[in-house]
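Each residue of the sequence shown is one higher than the last, beginning at 69 in this note's numbering. Glycine residues also receive a C-beta, built at the ideal position from the N, C-alpha and C atoms.
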Amino acid sequence: MKSMRDESYEFQEVKISVFNNKYLNGTVKSVVSECKFIDVPSDISEAAEGLKPRMKETKRVKGRIVGVDVVVSLVCISCKKHMEEIDSADRFMECQSCKTSLLKEFLKPAVSANLILVDESDESVGLFHCPGSVLNAVFELLKGNECYNIEESDVTKVSCKLITETLLLLKKASFKLLMDDMKVASIDIL
Ligand SMILES: [Zn+2]
């Protein structure tokens, strides 16, 4: 008998074997029959519906960036968490998450930014976190543009001032926003 997806079957005369887990074993007397009508109570269907992964809400907004806070952190080589740089003169640093003491010169910087966005009618859209990968993509787009004096598209290698001023000077852009995380997924320059 071939079993089909979404069908239910009734098993009779099967043996339960126990070996690490429980297994159902068929015997010569086993009978498998299809169950035609199973009423799934509506509260079970609703509960199952609630367990399905939700689509993340994304929104496209045309507008501009009116506020920028560039965040520079160092990535821990032990636990990969981002660390706030407290004393820049110190050669050593302790990771706030895993408490490992680290030599600062071996740590890679990570740059991201918090952006305040307005739409085309200058209405506030909100404060969104923009990851470094999106900032890099913006700088890559601007690299070939004569109006901007950008030669480096890796934002960990440019100053916070240059990142801030470049973003504030973008006249018009289209933002793809992840509304659940308040995150910028991508920026297209218009
Ligand atoms: Zn760590």
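Open item on the list: I'd like to confirm something about Cys166: is its beta-carbon nearer than 7 Å to some heavy atom of ligand 1, or not?
Closed with: Along the sequence shown, read from residue 1 onward, the residue named residue 166 stands at position 98. It does: the Cβ of Cys166 is within 7 Å (strictly closer) of some heavy atom of ligand 1.
- [ ] Report the option in Cys166, Gly135, Val202, Phe207 whose CA atom is closest to the CA atom of Gly194.
- [x] In the sequence shown, counting from the first residue as 1, residue 194 sits at position 126. Closest option to Gly194, Cα to Cα, is Gly135.
Task: Contact under 8 Å by Cβ, Glu152 with Ser169 - done: As a first step, residue 152 is located in the sequence shown; it is residue number 84 there, counting from the start. As a first step, residue 169 is located in the sequence shown; it is residue number 101 there, counting from the start. The answer is no: Cβ separation not under 8 Å.
TODO: May I have the straight-line CA-CA distance separating Ala129 from Leu237, to the nearest angstrom?
DONE: Within the sequence shown, residue 129 is the residue found at index 61, counting from 1. Within the sequence shown, residue 237 is the residue found at index 169, counting from 1. Correcting the residue identity first, residue 129 is Val in this sequence and not Ala. Val129 and Leu237 have their C-alpha atoms spaced approximately 18 Å apart.
TODO: Inspect the beta-carbon positions of Lys149 and Ser165 and report whether they are closer than 8 Å.
DONE: Stepping through the sequence shown from its first residue, residue 149 is reached at position 81. Stepping through the sequence shown from its first residue, residue 165 is reached at position 97. Against a cut-off of 8 Å, the Cβ pair of Ser165 and Lys149 comes out as a contact.
Task: Proximal residues to Asp137 (C-beta, below 6 Å), its chain only, five neighbours per side dropped - done: For the purposes of this step, residue 137 is taken as residue 69 along the sequence shown, with counting starting at 1. Asn182.
TODO: Sort Glu78, Lys229, Asn93 by Cα distance to Ile84 and report the nearest one.
DONE: For this step, residue 84 is matched to residue 16 along the sequence shown. The candidate whose alpha carbon is nearest that of Ile84 is Asn93.
Open item on the list: Given this structure, state the Cα-to-Cα distance separating Lys240 from Ser76, to the nearest angstrom.
Closed with: Taking the sequence shown and counting its residues from 1, the one referred to as residue 240 is at position 172. Taking the sequence shown and counting its residues from 1, the one referred to as residue 76 is at position 8. Between the alpha carbons of Lys240 and Ser76 lies a distance of about 57 Å.
Open item on the list: Assuming Phe243 and Val223 are in contact, meaning their beta carbons sit under 8 Å apart, how far apart are those beta carbons, in whole angstroms?
Closed with: Reading the sequence shown from its first residue, position 175 is the one you call residue 243. Reading the sequence shown from its first residue, position 155 is the one you call residue 223. Not confirmed; about 17 Å, so no contact.
Task: Three-way DSSP call (helix, strand, coil) for Lys239 in this model - done: As a working note, residue 239 is residue 171 in the sequence shown. Here Lys239 sits in coil by DSSP.
- [ ] Just the C-alpha distance for Asp74 and Lys104, rounded to the nearest angstrom, thanks.
- [x] As a working mapping, residue 74 is identified with position 6 in the sequence shown. As a working mapping, residue 104 is identified with position 36 in the sequence shown. Taking the straight line from one Cα to the other gives about 11 Å.
Task: 8 Å Cβ cutoff met for Thr126 and Leu230 - done: The count along the sequence shown starts at 1 and reaches residue 126 at position 58. The count along the sequence shown starts at 1 and reaches residue 230 at position 162. No Cβ-Cβ contact shorter than 8 Å links Thr126 with Leu230.
Task: Where the beta strand (DSSP E) through Ile84 begins and ends - done: For the purposes of this step, residue 84 is identified with residue 16 of the sequence shown, where counting begins at 1. Per DSSP, the continuous beta strand (DSSP E) segment holding Ile84 begins and ends at 76 to 87.
Open item on the list: Let's test the definition: count the other Cβ atoms within 10 Å of the Cβ of Ile257 and tell me whether it reaches 16, buried, or not, exposed.
Closed with: Counting from one through the sequence shown, the residue named residue 257 turns up at place 189. By the neighbour-count criterion, in which 16 or more other beta carbons inside 10 Å mark a residue as buried, Ile257 falls on the exposed side.
TODO: State yes or no: is the C-beta of Lys149 nearer than 7 Å to some heavy atom of ligand 1?
DONE: Within the sequence shown, residue 149 is the residue found at index 81, counting from 1. At least one heavy atom of ligand 1 falls within 7 Å of the beta-carbon of Lys149.
Open item on the list: One question on the structure: do Glu78 and Thr95 come within less than 8 Å of each other, judged by their Cβ atoms?
Closed with: As a first step, residue 78 is located in the sequence shown; it is residue number 10 there, counting from the start. As a first step, residue 95 is located in the sequence shown; it is residue number 27 there, counting from the start. Thr95 sits away from Glu78, with the two beta carbons spaced by 8 Å or more.
Task: DSSP-derived helix/strand/coil call for Asn213 - done: Along the sequence shown, one-based indexing puts residue 213 at 145. Asn213 falls in the coil class under three-state DSSP.
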